[in-house]
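To start, the structure under review is shown below, and the notes come after it.
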Amino acid sequence: MTISDLQDATGDIAAEQAYVTSLYARLDGLRAVTGERLAEVLRGSGAGGTQQARSERDAAYTVYSDRLAALNAAEQGLCFGRLDLVDGGRRYIGRIGLSADADELDDDAEPPLMDWRAPAARPFYLATAAAPEGVRRRRHIRTADRRVTGLDDEVLDLAAVDPDAHTDLTGEAVLLAALGASRTGRMRDIVTTIQAEQDRVIRSSAAGVLVVQGGPGTGKTAVALHRAAYLLYTHREQLSQRGVLIVGPNTTFLRYVGHVLPSLGETGALLATIGELYPGVPATRAEPAATAGLKGRADMADVVAAAVADRQWVPEEALDVVLATGDELTLDRATCLAIRERARRNPLPHNEVRPIVARLVVDALADQVAERIGADVLSTEEMIGSSAVADILAQLGEDVDPVVDGNLLDEGDREEIRRELRDDPGVREALDRLWPRLTPRRLLSDLYASEERLAAAAPHLSDAERALLHREPDNTWSPADVPLLDEAAELLGEDDRAVRMRLALAEREERERVEFAEGALEVALGSRSIDLEDEEDPEVLMAHDLLDASRLAERHVEGEGLTVAQRAARDRRWAFGHVIVDEAQELSPMAWRLLMRRCPSRSMTLVGDVAQTGALAGSSSWERTLAPFVAARWRLAELTVNYRTPAEVMAVAADVLAALDPPGEPPRSVRDTDGEPWSLRLDAEDLAAAVPGLAARESDAVPDGRVGVLVPAARRAEFGGVDTDLESQVVVLTVEEAKGLEFDSVLVVAPDEIVAESPRGLNDLYVALTRTTRRLGVVHSGELSEPLRRLVPLTSSSHQAPALAGAVAGAGTMAR
1 MTISDLQDAT
11 GDIAAEQAYV
21 TSLYARLDGL
31 RAVTGERLAE
41 VLRGSGAGGT
51 QQARSERDAA
61 YTVYSDRLAA
71 LNAAEQGLCF
81 GRLDLVDGGR
91 RYIGRIGLSA
101 DADELDDDAE
111 PPLMDWRAPA
121 ARPFYLATAA
131 APEGVRRRRH
141 IRTADRRVTG
151 LDDEVLDLAA
161 VDPDAHTDLT
171 GEAVLLAALG
181 ASRTGRMRDI
191 VTTIQAEQDR
201 VIRSSAAGVL
211 VVQGGPGTGK
221 TAVALHRAAY
231 LLYTHREQLS
241 QRGVLIVGPN
251 TTFLRYVGHV
261 LPSLGETGAL
271 LATIGELYPG
281 VPATRAEPAA
291 TAGLKGRADM
301 ADVVAAAVAD
311 RQWVPEEALD
321 VVLATGDELT
331 LDRATCLAIR
341 ERARRNPLPH
351 NEVRPIVARL
361 VVDALADQVA
371 ERIGADVLST
381 EEMIGSSAVA
391 DILAQLGEDV
401 DPVVDGNLLD
411 EGDREEIRRE
421 LRDDPGVREA
431 LDRLWPRLTP
441 RRLLSDLYAS
451 EERLAAAAPH
461 LSDAERALLH
471 REPDNTWSPA
481 DVPLLDEAAE
491 LLGEDDRAVR
501 MRLALAEREE
511 RERVEFAEGA
521 LEVALGSRSI
531 DLEDEEDPEV
541 LMAHDLLDAS
551 RLAERHVEGE
561 GLTVAQRAAR
571 DRRWAFGHVI
581 VDEAQELSPM
591 AWRLLMRRCP
601 SRSMTLVGDV
611 AQTGALAGSS
621 SWERTLAPFV
631 AARWRLAELT
641 VNYRTPAEVM
651 AVAADVLAAL
661 DPPGEPPRSV
671 RDTDGEPWSL
681 RLDAEDLAAA
691 VPGLAARESD
701 AVPDGRVGVL
711 VPAARRAEFG
721 GVDTDLESQV
731 VVLTVEEAKG
741 LEFDSVLVVA
751 PDEIVAESPR
761 GLNDLYVALT
771 RTTRRLGVVH
781 SGELSEPLRR
791 LVPLTSSSHQ
801 APALAGAVAG
811 AGTMAR
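Here the sequence shown is numbered in the UniProt record's numbering, starting from 1 and rising by one per residue.
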């Protein structure tokens, strides 16, 4: 760079600094205005006590609190781009849009800063020299805090384009700098470096099911999160009410990505795993992969339905009902069958049909009681059976014909019998046997605990398969149980007893608050001075003049102030406006049933790679996965560029991918790395002892980055894996826990064991190899499998042997 170039660059930075400073001044002004309006809402100014006023206050609180959160989130990287247009216009691009007047939250004028999601900002991500879209120059503005630190310009002129450059990448210099930066244990947003193929996915229509297929490093997760931010921006009215659900593969992953949406100014999304989608059930139980795979199979829906039907019991002969009076009634098998058949014709869920069954049972028993105490036919001979009646007839000297009469009980008598039977403990016991009230947890717990119930509900399963499901009840649940619990809840219906109890409690608390308020007003009235009461001016306002007891009670109620995401997390039946699934290939058919119930509109984005499927019940075909729910009504978008994994590492991973059945197409890497992926063979007994030293060596190689040590699940504790704290420089994880994560350096330990223990074998190895952004090492004992032969073996004669010898000191020797 010449002195003249340096002077020009310095001048440009100074000019951009002045503009960025003015933007931050507007940001501060908007914060002040929004903060004051939020404070007014919290003070309850003009809120009133009506339901409408409270709703308006809650709506205003949501608007201003969300806006303030977005303004705060925009502090870092507020402005990151500029477009110079061929018509002489200029647009600045940033995390949020800012209006020209700090006192206006909505301004139709051309904004000094345009939100990256606005249509007019799209050329920042799409424009190329071949298709400039009216852009003459694109400028990337690099900042640290509020200071402009550098500029990168792209002149979209075909004559100036390097024919050897990646012409399909926008902002290549900025992109490669971001990709080469050290990892921090938290995912970064990519709002400054979104590429054209990613932008097309992000801005795709929200209607219908969009499947985003992409190999390792293509930015699937980042695209999914930025799509959520984009949809929340463009469909604000709809999604602010229904919310967005983002489903991830595990809690470690969710912690890794959890701050991305807030950094983009969005808080209207619920992030959860499948195991967290049944409120009130902590699904933390560990279970074998074979058990989880069986529970995820589609036919388990039939098993759950059969388990419900099995509880709708009919006796083999008859059911004796012993009343509280000691009297005994009988429901024969034919009657019970008729009751069950009539109940099953009702489309309502099991628990909601129970009142109908109760009525039919009581009616059948009431008929028996009526027959006993109100004889239908009374003959002369039966009457003569009484000596008193015989004497009367003799005195009359008349012949009396047999008396045929209707039942002596009228409908009022029968209703009294039914009322007494409904309250009888013996009748309730009989009803509980015939049609018990069930919760999903009780249904599954009873099913798992009983070999007989399992055999009745799942006759198509083998003895070995039913043995995988069998367990004693302990009130713990696995993530694979959650879709089954949800399925059971759909079939059983909601048990509204708890709801009724909460409503009754709320009514009682409301009465107590009103009584307290009435007392407070009486005290306030009684405390007025005598002099004040004697004043001629009656317009002096007191507490009792402004408030009645009910309104004062409302002032003492703490509003929950829950966000849409928080309300959705509490409600199993919540219908989301849009659902995004990351690592979607891992979901079982039963998990898909659950998610489809959460999104009746079928507005979904499914992000994944079938070549990386690790779960036994996971997907190997999007067509087969989606056919039961949307048939062929879905569309596919593919991400083909690998931004994360260096070409040298991807070459090794591609050999593993080629060994898969069916093989996939590896994504194209856009960058290289300095070091070759290596392998180190150690004696089996030295493997675990050597790993800490090797991890420390990798830490030294990436001093500002993160090292991921990926180990077999069965030996996780042995290799030092006790938690998943991604803030640590070195973290030990299983491959399942590492899905969706990335590290500067990755050590894959005992790859043969990883393959052997995984239901999907090579799929998990493929995932493990592609978690790195810079360095890869494989530590093993025994011979490497054929797909890993491309790795450079390190031996005692290697140029790296001295460093390795120090790393494995005390752990034995390298295998020859």
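Beta carbons are placed, not taken as given, at the ideal position from N, Cα and C, and that holds for glycine.
Can you grab the Cα-Cα spacing for the pair residue i / residue j, in whole Å?
{"i": "E328", "j": "V322", "result": "4 Å"}
{"i": "V557", "j": "D152", "result": "Any answer about V557 is weak, because its pLDDT of 42 lies below 50 and its placement is not dependable; what the coordinates show is given next. Cα to Cα, the separation comes out at about 55 Å."}
{"i": "H780", "j": "D683", "result": "8 Å"}
{"i": "W292", "j": "A298", "result": "Reading the sequence as shown, one finds Ala at residue 292 and not Trp. Roughly 12 Å separates the two Cα atoms."}
{"i": "S205", "j": "I339", "result": "51 Å"}
{"i": "E266", "j": "A689", "result": "45 Å"}
{"i": "E381", "j": "L360", "result": "Residue placement at E381 is poorly supported in this model, since its pLDDT is 47, which falls under 50; the coordinates still yield a value, given next. For E381 and L360, the distance between alpha carbons rounds to 36 Å."}
{"i": "V304", "j": "L484", "result": "7 Å"}
{"i": "V767", "j": "A290", "result": "20 Å"}
{"i": "H470", "j": "L447", "result": "8 Å"}
{"i": "L264", "j": "N763", "result": "33 Å"}
{"i": "V427", "j": "E487", "result": "30 Å"}
{"i": "G217", "j": "A269", "result": "24 Å"}
{"i": "P440", "j": "D582", "result": "27 Å"}
{"i": "Q17", "j": "L156", "result": "24 Å"}
{"i": "L421", "j": "R311", "result": "23 Å"}
{"i": "E237", "j": "L791", "result": "53 Å"}
{"i": "L294", "j": "Y61", "result": "47 Å"}
{"i": "E536", "j": "A74", "result": "Residue placement at E536 cannot be trusted, given a pLDDT of 45 that sits under 50; the coordinates are not used to answer."}
{"i": "V652", "j": "S99", "result": "50 Å"}
{"i": "G29", "j": "H235", "result": "26 Å"}
{"i": "Q241", "j": "V691", "result": "50 Å"}
{"i": "G77", "j": "D700", "result": "30 Å"}
{"i": "V63", "j": "R598", "result": "25 Å"}
{"i": "V41", "j": "L239", "result": "23 Å"}
{"i": "R203", "j": "L231", "result": "8 Å"}
{"i": "H460", "j": "A467", "result": "13 Å"}
What residue range does the alpha helix (DSSP H) around residue i cover?
{"i": "F253", "result": "T251 to V257"}
{"i": "T221", "result": "K220 to T234"}
{"i": "residue 850", "result": "Here the chain covers residues 1 to 816 and nothing more, so residue 850 does not appear."}
{"i": "P355", "result": "H350 to I373"}
{"i": "I339", "result": "R333 to R344"}
{"i": "D426", "result": "According to the sequence displayed, residue 426 carries Gly and not Asp. Looking at the DSSP string, the run of the alpha helix (DSSP H) that includes G426 is P425 to L434."}
Does the Cβ-Cβ distance between residue i and residue j come in under 8 Å?
{"i": "V247", "j": "I274", "result": "yes"}
{"i": "W435", "j": "R342", "result": "no"}
{"i": "V212", "j": "A637", "result": "yes"}
{"i": "V630", "j": "V209", "result": "yes"}
{"i": "L225", "j": "V260", "result": "yes"}
{"i": "P249", "j": "E753", "result": "no"}
{"i": "R414", "j": "A480", "result": "no"}
{"i": "V649", "j": "L765", "result": "no"}
{"i": "R671", "j": "V641", "result": "no"}
{"i": "L113", "j": "G97", "result": "yes"}
{"i": "P712", "j": "L776", "result": "no"}
Can you give me the start and stop residues for the beta strand (DSSP E) that residue i sits inside?
{"i": "D84", "result": "C79 to L85"}
{"i": "S679", "result": "W678 to R681"}
{"i": "T605", "result": "M604 to G608"}
{"i": "S745", "result": "F743 to V749"}
{"i": "V778", "result": "T772 to H780"}
{"i": "Q76", "result": "Per DSSP, Q76 belongs to no beta strand (DSSP E) and is neither H nor E."}
Counting only beta-carbon separations shorter than 8 Å, does residue i have a partner in chain C?
{"i": "V41", "result": "Annotation note: the requested chain C is absent from the structure, which comprises a single protein chain."}
What whole-angstrom Cβ distance do residue i and residue j have, given they're in contact under 8 Å?
{"i": "V732", "j": "F719", "result": "6 Å"}
{"i": "S620", "j": "T613", "result": "6 Å"}
{"i": "L660", "j": "A750", "result": "Incorrect: roughly 20 Å between the Cβ atoms, too far for contact."}
{"i": "V308", "j": "L491", "result": "5 Å"}
{"i": "R138", "j": "L83", "result": "6 Å"}
{"i": "G296", "j": "P589", "result": "6 Å"}
Residue i: buried (16+ other C-beta within 10 angstroms of its C-beta) or exposed?
{"i": "E104", "result": "Confidence at E104 is low in this model, with a pLDDT of 48, below 50, so the placement of that residue should be treated as unreliable; the coordinate-derived value is given next. Answer is exposed; the Cβ neighbour count stays below 16."}
{"i": "V20", "result": "buried"}
{"i": "R91", "result": "buried"}
{"i": "P132", "result": "buried"}
{"i": "residue 823", "result": "Here the chain comprises residues numbered 1 to 816, so residue 823 is not present and cannot be evaluated."}
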